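First to last, the protein sequences are chains A and B.
According to my numbering, the stretch in the first sequence is residues 51 to 333, in order.
According to my numbering, the stretch in the second sequence is residues 294 to 414, in order.
By construction, the Cβ of each residue, glycine as well, lies at the ideal position given by its N, Cα and C atoms.
It should be emphasised that the depicted structure is a prediction, and the values quoted were computed from it without experimental measurement.
Reading through the structure tokens given below for one structure.
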Amino acid sequence: MARILGGVGASHAPSMEHVYDAGEEVRRNEEWEPLFGPFQEVSDWLGELRPDRLVVIYNDHMDEFFLNAYPTFALGVADEYPIADEGFGARPLPPLPGDAALGWHIARSLVADEFDPTICQELEVDHGVISPLPMVDFAEGDGQWRIPVVPLAVNVILHPLPTPRRCYKLGQALRRAILSYPEDLGVVVVGTGGLSHQLTGPRFGRVTPDWDQKFMRLLADEPETLCDYKHEDLIKLGGTESVEVVNWLAMRGTLPPKASPVVEAYYAHRIMGYGLQAFAVAE
Amino acid sequence: MSTKSTAGELTEDYLARLAAVQPRDLPEDLDLFDEATATRGLRLNKAAYSLKHAEQRELFARDEEAWMDQFGITDEERELMRDRDWIGLWRAGMTIYVMVKLSGVTGVPLPEIGKQMRESG
Numbered sequence: 051m052a053r054i055l056g057g058v059g060a061s062h063a064p065s066m067e068h069v070y071d072a073g074e075e076v077r078r079n080e081e082w083e084p085l086f087g088p089f090q091e092v093s094d095w096l097g098e099l100r101p102d103r104l105v106v107i108y109n110d111h112m113d114e115f116f117l118n119a120y121p122t123f124a125l126g127v128a129d130e131y132p133i134a135d136e137g138f139g140a141r142p143l144p145p146l147p148g149d150a151a152l153g154w155h156i157a158r159s160l161v162a163d164e165f166d167p168t169i170c171q172e173l174e175v176d177h178g179v180i181s182p183l184p185m186v187d188f189a190e191g192d193g194q195w196r197i198p199v200v201p202l203a204v205n206v207i208l209h210p211l212p213t214p215r216r217c218y219k220l221g222q223a224l225r226r227a228i229l230s231y232p233e234d235l236g237v238v239v240v241g242t243g244g245l246s247h248q249l250t251g252p253r254f255g256r257v258t259p260d261w262d263q264k265f266m267r268l269l270a271d272e273p274e275t276l277c278d279y280k281h282e283d284l285i286k287l288g289g290t291e292s293v294e295v296v297n298w299l300a301m302r303g304t305l306p307p308k309a310s311p312v313v314e315a316y317y318a319h320r321i322m323g324y325g326l327q328a329f330a331v332a333e
Numbered sequence: 294m295s296t297k298s299t300a301g302e303l304t305e306d307y308l309a310r311l312a313a314v315q316p317r318d319l320p321e322d323l324d325l326f327d328e329a330t331a332t333r334g335l336r337l338n339k340a341a342y343s344l345k346h347a348e349q350r351e352l353f354a355r356d357e358e359a360w361m362d363q364f365g366i367t368d369e370e371r372e373l374m375r376d377r378d379w380i381g382l383w384r385a386g387m388t389i390y391v392m393v394k395l396s397g398v399t400g401v402p403l404p405e406i407g408k409q410m411r412e413s414g
């Protein structure tokens with residue numbers, strides 16, 4: 051049977067792609083070391099853990115899904131996920147390898163658990179997945195994806211959004227889906243997004259480090275408490291676009307109630323509160 | 294029809310949950326992308342979303358007016374686009390996620406858009 055080896059919460063942002071693509075020297079300069087240093091620790095940790103699959107809970111930024119039919123939850127069931135063109139030409143990375151069979155199993159299990167995702171046989175992934183993923187997946191840094199991925203997208207854009215509690219429960223259902231998969235696979239679940247940022251209106255650029263750090267503490271120790279937060283609370287505390295932290299909460303739902311971070315980092319820089327938190331699950 | 298028979302079904306718990314998915318108690322400058330905004334902005338969002346396709350970006354570069362002709366946008370909306378009035382486009386319902394694609398073709402970087410947004414307050 052499949053096992054859950056750990057979970058990772060990581061910000062996603064185009065800025066992370068620019069820095070990553072600029073090369074090792076830029077990643078490790080004074081400006082970016084506070085973010086990419088800890089990412090390297092996560093990368094090293096995963097290199098030892100050697101997961102067979104990643105499930106990535108993220109949100110699309112109108113690069114695949116559009117307002118004609120915006121899915122609340124959407125699950126990939128493909129063997130390959132092309133890199134989306136976000137309006138500047140696609141980033142020169144090979145398509146992400148998938149695992150259609152695991153995707154379909156998760157689809158059945160989620161539906162049995164009364165979560166009914168949009169099921170996607172074709173899905174282009176954007177920076178919601180691929181901005182943190184090279185640091186998680188390119189364990190040896192040669193630009194080749196190693197670990198097949200199952201992407202799970204959450205609507206954090208078009209209100210009404212699924213509630214924080216619903217996203218946590220989605221994670222708990224995803225946990226059952228993984229644990230019931232008959233193949234002997236080690237799985238790490240990644241939740242991407244946030245932390246605080248505000249990209250619209252007169253508060254553009256506002257970052258709230260105190261809240262971000264409290265969020266990470268609550269995520270580790272009291273995820274149920276975070277379920278009581280409303281979108282309204284998250285928006286006031288971290289900014290309109292910061293509601294995507296529900297992706298972290300879904301990731302946390304796949305882990306046991308007690309889980310302590312093996313890597314934890316926070317870096318408020320320019321217009322983003324960047325967060326990173328990796329949890330190991332005791333076997 | 295008696296309302297008495299259904300009143301019990303609309304529990305306080307349900308009503309609280311219903312209220313929670315429509316944030317209302319927000320400062321005025323934290324506008325949401327919801328029913329009103331999405332309805333208002335559909336045309337503009339369609340237009341900017343199209344820029345994920347290289348041929349639409351080429352058309353934009355070649356003939357911005359012809360590019361706009363495709364989406365049935367209003368004269369006011371055209372004017373906002375021509376003026377690179379980012380805060381105006383946002384108020385007209387354009388989401389930041391497609392505005393970023395428009396930022397690409399117009400060569401106006403996000404920090405510049407942000408500056409305009411901040412100065413609108």
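Proximal residues of chain E, C-beta to C-beta of residue i below 7 angstroms
i, result
"A/F115", "Absent here is chain E; the protein component of the structure consists of chains A and B."
Extent of the continuous alpha helix (DSSP H) to which residue i belongs
i, result
"A/V89", "The question names Val, but residue 89 of chain A in the sequence shown is Phe. A/F89 -> alpha helix (DSSP H) spans 83–99."
"B/L373", "368–375"
"A/H319", "Per DSSP, A/H319 belongs to no alpha helix (DSSP H); it is in the beta strand (DSSP E), 311–319."
"B/A347", "347–355"
"A/A225", "Reading the sequence as shown, one finds Arg at residue 225 of chain A and not Ala. Segment 214–229, the alpha helix (DSSP H) holding A/R225."
"A/L269", "259–271"
"B/T388", "Run containing B/T388: none; DSSP gives neither H nor E here."
"A/R103", "Segment 103–108 is the beta strand (DSSP E) holding A/R103; no alpha helix (DSSP H) there."
"A/T304", "First-last for A/T304: undefined, no H or E at that position."
"A/V69", "64–72"
"A/V179", "177–180"
C-alpha gap between residue i and residue j, whole angstroms
i, j, result
"A/E91", "A/E314", "10 angstroms"
"A/E294", "A/L85", "19 angstroms"
"A/A134", "A/A140", "6 angstroms"
"B/Y390", "A/E114", "12 angstroms"
"A/V312", "A/A60", "14 angstroms"
"B/K394", "B/R350", "9 angstroms"
"A/E130", "A/H68", "24 angstroms"
"A/F89", "A/K264", "20 angstroms"
"B/E405", "B/E302", "51 angstroms"
"A/P142", "A/V240", "22 angstroms"
"A/A157", "A/L125", "7 angstroms"
"A/E282", "B/A313", "8 angstroms"
"B/D362", "B/K339", "12 angstroms"
"A/V105", "B/G386", "33 angstroms"
"A/V237", "A/R196", "13 angstroms"
"A/L160", "A/I107", "14 angstroms"
"A/A227", "A/A330", "19 angstroms"
"A/T213", "A/K280", "7 angstroms"
"A/T290", "A/W82", "25 angstroms"
"B/R317", "A/H209", "12 angstroms"
Residue i classed as buried or exposed, judged by whether at least 16 other C-beta atoms fall within 10 angstroms
i, result
"A/G155", "Before going further, note that residue 155 of chain A is His rather than Gly in the sequence given. Answer is buried; the Cβ neighbour count reaches 16."
"A/D187", "buried"
"A/D234", "exposed"
"B/L308", "exposed"
"A/S93", "buried"
"B/L311", "exposed"
"B/S295", "For B/S295, the predicted model reports a pLDDT of 49, less than 50, meaning its position is unreliable; a value from the coordinates is still stated below. So B/S295 counts as exposed."
"A/R267", "exposed"
"B/Q315", "exposed"
"A/D149", "buried"
"B/D376", "exposed"
"A/K219", "buried"
Contact check, residue i vs residue j, beta carbons under 8 angstroms
i, j, result
"B/R355", "A/G255", "no"
"A/N109", "A/V200", "no"
"A/L299", "A/G178", "no"
"A/H62", "A/S181", "yes"
"A/T250", "A/G323", "no"
"A/R302", "A/L269", "yes"
"B/L337", "B/L403", "no"
"A/L344", "A/R103", "It is not possible to answer for residue 344 of chain A, since the shown part of chain A is limited to 51 through 333."
"A/V296", "A/V206", "yes"
"A/G56", "A/L99", "yes"
"B/G397", "B/L344", "yes"
Cutoff 8 angstroms: residue i Cβ touching any chain A Cβ
i, result
"B/R336", "no"
"B/I389", "yes"
"B/L382", "no"
"B/Q315", "yes"
"B/D327", "yes"
"B/M361", "no"
Interface flag, residue i vs chain B, CB-CB below 8 angstroms
i, result
"A/F123", "no"
"A/T290", "yes"
"A/G350", "Lying outside 51 to 333, the shown extent of chain A, residue 350 of chain A is not represented and no answer is given."
"A/K280", "yes"
Where the beta strand (DSSP E) containing residue i begins and where it ends
i, result
"A/M322", "322–330"
"A/P201", "199–204"
Residue i beta carbon near the ligand ADP (any heavy atom closer than 7 angstroms)
i, result
"B/L395", "As far as ligands go, the structure on display features none, and thus does not contain the ligand ADP."
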